[in-house]
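The sequence shown maps to residues 1 to 346 in my numbering. For every residue, glycine included, the Cβ atom is placed at its ideal position computed from N, Cα and C. Just so it is clear, the structure is predicted and the values come from calculations on it, not from any experiment. Structure record follows, encoded as structure tokens.
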Amino acid sequence: MSWLSDDDDDDLEFDEADIRVRPNPKANRPRTKRRPAHADAQVARVLGVDRGRYTVLVDEDGPNERQILASRARELRKQPIVNGDRARVVGDTSGDDGTLARIVGIEERTSLLRRSADDTDHIERIIVANADQLLIVVAAADPEPRPRLVDRYLIAALDAGMHPMLVVTKTDLADPTAFLAHFEGLDDLEVFTSGRDAMPVDVIGARLAGHSTVFVGHSGVGKSTLVNALVPDALRAIGHVNEVTGRGRHTSSSAVSLRYAGEDGRGWVIDTPGVRSFGLGHVDPANILRAYTDLAAVAEECPRGCTHLPDAPDCAIAEAVAEGRLGERGAARLDSLQRLLATFAA
Numbered sequence: 001m002s003w004l005s006d007d008d009d010d011d012l013e014f015d016e017a018d019i020r021v022r023p024n025p026k027a028n029r030p031r032t033k034r035r036p037a038h039a040d041a042q043v044a045r046v047l048g049v050d051r052g053r054y055t056v057l058v059d060e061d062g063p064n065e066r067q068i069l070a071s072r073a074r075e076l077r078k079q080p081i082v083n084g085d086r087a088r089v090v091g092d093t094s095g096d097d098g099t100l101a102r103i104v105g106i107e108e109r110t111s112l113l114r115r116s117a118d119d120t121d122h123i124e125r126i127i128v129a130n131a132d133q134l135l136i137v138v139a140a141a142d143p144e145p146r147p148r149l150v151d152r153y154l155i156a157a158l159d160a161g162m163h164p165m166l167v168v169t170k171t172d173l174a175d176p177t178a179f180l181a182h183f184e185g186l187d188d189l190e191v192f193t194s195g196r197d198a199m200p201v202d203v204i205g206a207r208l209a210g211h212s213t214v215f216v217g218h219s220g221v222g223k224s225t226l227v228n229a230l231v232p233d234a235l236r237a238i239g240h241v242n243e244v245t246g247r248g249r250h251t252s253s254s255a256v257s258l259r260y261a262g263e264d265g266r267g268w269v270i271d272t273p274g275v276r277s278f279g280l281g282h283v284d285p286a287n288i289l290r291a292y293t294d295l296a297a298v299a300e301e302c303p304r305g306c307t308h309l310p311d312a313p314d315c316a317i318a319e320a321v322a323e324g325r326l327g328e329r330g331a332a333r334l335d336s337l338q339r340l341l342a343t344f345a346a
């Protein structure tokens, strides 16, 4: 017995009009990878990052300058956003309490200060973007100065194309002359000294006007004290040095941009957390030599693959120094270059 009745037609015909398609429960339009252009986005400076929220400055130096809070757009989830970035923001940019804008893009960066976990790690960690100066803070004593760490800071600055400066604090505790002798050959390095009763705030401040300057240094060297003197409303926490280990306590957990305002103009102070190591796995050694323009010109005569280190055979720079063609300071400059190259190669 069949469930079909005698009236059923075995030759039923259907056309496309009889087909019913259930609509997409999520959307009626196909997905696309095209993103909105965000033509109305405003460019803002990233001042700080805290747990996925970005403090940015809108209309910098303009009549409506204000700080706002922003989150990262989904399409930027794999792109690092760091202090100093010029971010494109949309949404509620009023800065009112409870509002949250959205970062939808990052403008092209002019410089990147980077470091790696160690010298064998080629994965870079971006610390600050778009800065043009690096101020290295080191203490003459308590804790003892570490020339090799300063060398690493210098290499990172030269690799990034940043102008390096060095401040030696606590000169009332020890004479920094012997320490500073290590850096005599680097002409581009500006050096300042600071003591308990003689902090060169005005001199350093004049160098900050019109620039974005990153402050780096070992914990306990007095970096936060210097930042507070230059930017009185910064209120950066000040730590102390352990008498047993000689190490300072970390008082800064993340980089933060602070506006400097002095008689010579305004600029940006970017205070970074104290570090005890600075990996250089990402650095191109050629950028170190380029910082010594006179030596780089002579190096064109070196054999291919020359390391320019003391044991390098037929190094044209060493020969020029030995023959006196680089002047009285040629030996000091070569020694400075070799120290940096040896630090990178170690």
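For residue i, which residues from the same chain have a beta carbon less than 7 Å from its beta carbon, with the 5 sequence-adjacent residues on both sides left out?
i	result
residue 188	163, 164, 291
residue 126	80, 82, 112, 114
residue 152	278, 280, 343
residue 201	229, 230
residue 245	Low local confidence applies: a pLDDT of 40 at residue 245 is under 50, so the model's placement there is unreliable, and no value is given.
Does the Cβ of residue i have 16 or more other Cβ atoms within 10 Å, making it buried, or fewer, making it exposed?
i	result
residue 213	buried
residue 186	buried
residue 130	buried
residue 133	buried
residue 123	exposed
residue 328	exposed
residue 203	exposed
residue 227	buried
residue 266	exposed
residue 176	buried
residue 336	buried
residue 194	buried
residue 88	buried
residue 170	buried
residue 333	buried
residue 178	exposed
residue 93	buried
residue 297	exposed
Name the DSSP bridge partner or partners of residue i?
i	result
residue 128	83, 113
residue 259	268
residue 279	116
residue 136	166, 216
Spatial neighbours of residue i within its chain, please: C-beta separation below 6 Å, excluding the five flanking residues on both sides.
i	result
residue 66	58, 95
residue 110	130
residue 206	264
residue 258	231, 234, 269
Please work out which residues of its chain come closer than 8 Å, Cβ to Cβ, to residue i, disregarding the five sequence neighbours upstream and downstream, and give them in chain order.
i	result
residue 338	308, 309, 310
residue 288	155, 158, 159, 337, 340, 341, 344
Could you tell me whether the stretch 310 to 323 touches the stretch 271 to 287, where touching means 3 or more Cβ pairs closer than 8 Å?
The answer is no - the stretch 271 to 287 does not touch the stretch 310 to 323, with fewer than three Cβ pairs under 8 Å.
Ordered list of alpha helix (DSSP H) runs contained in the stretch 31 to 116, each at least 4 residues
Listed in chain order, there is nothing to give.
For the stretch 149 to 235, which segments carrying the beta strand (DSSP E) assignment without a break, of at least 3 residues, lie completely within its bounds, in sequence order?
The stretch 149 to 235 contains these whole beta strand (DSSP E) runs: 163 to 169, 190 to 193, 212 to 217.
Touch check for the stretch 206 to 222 and the stretch 261 to 274: three-plus C-beta pairs under 8 Å?
Segments in contact, yes.
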